[in-house]
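I have placed the structure first, in the form of structure tokens, so that the comments after it can refer back to it.
Residue numbers (the numbering used here), protein chains in the order written: chain Z, 1 to 131; chain C, 1001 to 1548.
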């Protein structure tokens, strides 16, 4: 499996300050060959969509642990759509209760990752969706 | 097949791990090699001394828990001040002895509820406290002169502390009677928790302001809780947790001395907050080593000899990242063991996570079991009946000393780098933590670290369901916004403006203490967002170093 040539934005929308999960995923994606950009904390959906388009990424990974994922994912998808960037795949990671997974997938998210999943599973899913 | 189907199946199958893990390797979670057996000659020459006497290896009080048990302090807060006030009354009625306030992210980051970045976060991870009006509701019917309250608040700690003083004023409770703690430890926010607002240096000034003010005005209050728990949760080992935390503590002492503080006085009110993870003896020894190192470092570096100023008092959280979403009821057992380690280590206050805390705000059911866990250890186990029951154990004394050595090595490394402030501004510590987190994750994925029910011992078709799911009332955000607008309408805008202008003038000076100005702002019903915006105009914002 290789993510060579894939460009991925890892983003922290909202105010949640727990960034270790985002950084661990960013490091793992980079080691798998992807070009990874990390936004840093407290970014608005508008900002994230703008960077995603400007940087011409294949995918955006949104990391959220504060329980605000449903609103923030919807906002980010809307901002991407407003920029004609529906082709950019969106992944979500963090503290995401199981009962919200279906709603996120239905909203167009390509994968939902939680802390107990193996990194290799995360990478495989990203690879499958992007190839 | 959808992504969830596939991952559920994969997770249920595990990832090619054997059915039974190998026998645990003889090494602590921090990587210290453990001897087959520790004998008397290996600890010869090491006398842990007596509890209550420096360097306090065996505890800071001569009577341990016989005079006073630790404080049972469950962290809670969500939605509106009304919602949380109700939960507090439930917890106090259940036998909890101290409050611990969880604040929502807008309050922690200094944004009012109507800020576009705040909207989706209102009341989610804690209660919204946008002005004194909300704090009055939060403590309605709770006598601040009779209860101690801990606030997990950092970027806006000075403001929340000012609000607490203002509520006491309103209740007619003299400020000198206030007891409790504000976390107020900004250094670890830059490293691991992320609710920083201002650049490092003005933040350090604000912390010194709170401590110096509190020593005079609220002498029984802890104006800082130097916290290792979050760094640990983010990936650091027990040894690193202690090393980074003590290094941060030394940086605060430096700043306070620079501001003219008397170490013998202010050091009495410095408190600490640590994590308890699952490596039982390493955790017990970490606390024994922490007390000894802090007592020694204060004397070595600052010439503090008064024993009362060198007592390291600490609270702990049991649970955190050791809890799993898989087979969540196992977490009750984990928290039970961790509570034993905390008490055998001599903690002054304990917060036990609820078994569902890995993935949601606890329900009343799970919150009650978490509190009962502490009560069982306190009243049934007998651990509290003698001071430091493990003192003199060959292994415990040996491991305490080994941890001291390793922690000193880390403190030296940070000194060599140029101190914690530089290490944080450069992003050096942040990167180290991220690398550690990745290592921890890899060890779990590969099966090197065993997590029962998650990477080993899974049941076929395991569902990981819990009976009850907690949901923040979806109307909470709307109610918070409505109340916020009502406060704006009702307050006297001229008084607000005057108090904020006075605050800004004081912030422009180098070291005028800002606390009296913040309390004035609170009394005028200035909002948290307004006070923070005022300070930002003078100080700017922290620019996060992004290093991967």
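Glycine residues also receive a C-beta, built at the ideal position from the N, C-alpha and C atoms.
Does the Cβ-Cβ distance between residue i and residue j come in under 8 Å?
{"i": "residue 36 of chain Z", "j": "residue 8 of chain Z", "result": "yes"}
{"i": "residue 1399 of chain C", "j": "residue 1285 of chain C", "result": "yes"}
{"i": "residue 1335 of chain C", "j": "residue 1318 of chain C", "result": "yes"}
{"i": "residue 1253 of chain C", "j": "residue 1429 of chain C", "result": "no"}
{"i": "residue 3 of chain Z", "j": "residue 127 of chain Z", "result": "yes"}
{"i": "residue 1304 of chain C", "j": "residue 1352 of chain C", "result": "no"}
{"i": "residue 1187 of chain C", "j": "residue 1259 of chain C", "result": "no"}
{"i": "residue 1112 of chain C", "j": "residue 1328 of chain C", "result": "no"}
{"i": "residue 1450 of chain C", "j": "residue 1021 of chain C", "result": "yes"}
{"i": "residue 1345 of chain C", "j": "residue 1283 of chain C", "result": "yes"}
{"i": "residue 1083 of chain C", "j": "residue 1514 of chain C", "result": "no"}
Do you know how far the Cα of residue j is from the Cα of residue i?
{"i": "residue 1343 of chain C", "j": "residue 1291 of chain C", "result": "14 Å"}
{"i": "residue 1132 of chain C", "j": "residue 1527 of chain C", "result": "8 Å"}
{"i": "residue 1232 of chain C", "j": "residue 1275 of chain C", "result": "7 Å"}
{"i": "residue 1049 of chain C", "j": "residue 1300 of chain C", "result": "19 Å"}
{"i": "residue 1410 of chain C", "j": "residue 1238 of chain C", "result": "12 Å"}
{"i": "residue 1196 of chain C", "j": "residue 1106 of chain C", "result": "12 Å"}
{"i": "residue 1 of chain Z", "j": "residue 1361 of chain C", "result": "38 Å"}
{"i": "residue 1023 of chain C", "j": "residue 1448 of chain C", "result": "11 Å"}
{"i": "residue 1096 of chain C", "j": "residue 38 of chain Z", "result": "42 Å"}
{"i": "residue 1394 of chain C", "j": "residue 1279 of chain C", "result": "17 Å"}
{"i": "residue 1235 of chain C", "j": "residue 1509 of chain C", "result": "39 Å"}
{"i": "residue 1359 of chain C", "j": "residue 96 of chain Z", "result": "7 Å"}
{"i": "residue 1157 of chain C", "j": "residue 1124 of chain C", "result": "19 Å"}
{"i": "residue 1207 of chain C", "j": "residue 1542 of chain C", "result": "16 Å"}
{"i": "residue 1087 of chain C", "j": "residue 1076 of chain C", "result": "8 Å"}
{"i": "residue 40 of chain Z", "j": "residue 1061 of chain C", "result": "44 Å"}
{"i": "residue 22 of chain Z", "j": "residue 1297 of chain C", "result": "36 Å"}
{"i": "residue 1330 of chain C", "j": "residue 114 of chain Z", "result": "19 Å"}
{"i": "residue 1374 of chain C", "j": "residue 1385 of chain C", "result": "15 Å"}
{"i": "residue 1242 of chain C", "j": "residue 1287 of chain C", "result": "9 Å"}
{"i": "residue 1314 of chain C", "j": "residue 1147 of chain C", "result": "18 Å"}
{"i": "residue 1467 of chain C", "j": "residue 1365 of chain C", "result": "10 Å"}
{"i": "residue 1507 of chain C", "j": "residue 1535 of chain C", "result": "7 Å"}
{"i": "residue 1174 of chain C", "j": "residue 1168 of chain C", "result": "7 Å"}
{"i": "residue 1495 of chain C", "j": "residue 71 of chain Z", "result": "37 Å"}
{"i": "residue 1074 of chain C", "j": "residue 1472 of chain C", "result": "18 Å"}
{"i": "residue 1326 of chain C", "j": "residue 98 of chain Z", "result": "12 Å"}
{"i": "residue 74 of chain Z", "j": "residue 1080 of chain C", "result": "24 Å"}
{"i": "residue 1401 of chain C", "j": "residue 1044 of chain C", "result": "12 Å"}
{"i": "residue 1008 of chain C", "j": "residue 1522 of chain C", "result": "Unreliable positioning characterises residue 1008 of chain C in this predicted model, as indicated by a pLDDT of 44, which lies under 50. A coordinate reading is not provided."}
{"i": "residue 1218 of chain C", "j": "residue 1033 of chain C", "result": "45 Å"}
{"i": "residue 1069 of chain C", "j": "residue 1452 of chain C", "result": "32 Å"}
{"i": "residue 1027 of chain C", "j": "residue 1036 of chain C", "result": "10 Å"}
{"i": "residue 1540 of chain C", "j": "residue 131 of chain Z", "result": "44 Å"}
On the CB-based measure, 16 or more other CB atoms within 10 Å of its CB, does residue i come out buried or exposed?
{"i": "residue 1013 of chain C", "result": "Low local confidence applies: a pLDDT of 40 at residue 1013 of chain C is under 50, so the model's placement there is unreliable, and no value is given."}
{"i": "residue 5 of chain Z", "result": "exposed"}
{"i": "residue 1564 of chain C", "result": "Past the boundaries of the shown model lies residue 1564 of chain C; chain C is included only from 1001 to 1548, so the question cannot be answered."}
{"i": "residue 1458 of chain C", "result": "buried"}
{"i": "residue 19 of chain Z", "result": "buried"}
{"i": "residue 1223 of chain C", "result": "buried"}
{"i": "residue 1051 of chain C", "result": "buried"}
{"i": "residue 1089 of chain C", "result": "exposed"}
{"i": "residue 1392 of chain C", "result": "exposed"}
{"i": "residue 1183 of chain C", "result": "buried"}
{"i": "residue 958 of chain C", "result": "The first residue shown for chain C is 1001 and the last is 1548, placing residue 958 of chain C beyond what the model contains."}
{"i": "residue 1497 of chain C", "result": "exposed"}
{"i": "residue 1311 of chain C", "result": "buried"}
{"i": "residue 1071 of chain C", "result": "buried"}
Who are residue i's beta bridge partners in DSSP?
{"i": "residue 1074 of chain C", "result": "C/1099"}
{"i": "residue 1227 of chain C", "result": "C/1273"}
{"i": "residue 59 of chain Z", "result": "Z/8 and Z/89"}
{"i": "residue 1148 of chain C", "result": "C/1098 and C/1179"}
{"i": "residue 1161 of chain C", "result": "Looking at the DSSP assignment, residue 1161 of chain C forms no beta bridge with any residue, so it has no partner."}
{"i": "residue 1202 of chain C", "result": "For residue 1202 of chain C, which the question treats as bridged, DSSP gives no partner whatsoever."}
Heavy atom of the ligand MN less than 7 Å from the Cβ of residue i, yes or no?
{"i": "residue 1202 of chain C", "result": "As for the ligand MN, it is missing from this structure, which has no ligand bound."}
Which whole-angstrom value describes the C-beta separation of residue i and residue j, a residue pair presumed to lie in contact below a C-beta threshold of 8 Å?
{"i": "residue 1227 of chain C", "j": "residue 1273 of chain C", "result": "4 Å"}
{"i": "residue 77 of chain Z", "j": "residue 13 of chain Z", "result": "With 8 Å as the limit, residue 77 of chain Z and residue 13 of chain Z do not qualify as a contact, their Cβ atoms being about 11 Å apart."}
{"i": "residue 1144 of chain C", "j": "residue 1108 of chain C", "result": "That belief does not hold up - the Cβ atoms of residue 1144 of chain C and residue 1108 of chain C are roughly 21 Å apart, past 8 Å."}
{"i": "residue 92 of chain Z", "j": "residue 104 of chain Z", "result": "6 Å"}
{"i": "residue 1518 of chain C", "j": "residue 1500 of chain C", "result": "So it is not a contact: roughly 10 Å between Cβ atoms."}
{"i": "residue 1454 of chain C", "j": "residue 116 of chain Z", "result": "6 Å"}
{"i": "residue 1063 of chain C", "j": "residue 1377 of chain C", "result": "18 Å between Cβ atoms; not a contact."}
{"i": "residue 1194 of chain C", "j": "residue 1529 of chain C", "result": "So it is not a contact: roughly 18 Å between Cβ atoms."}
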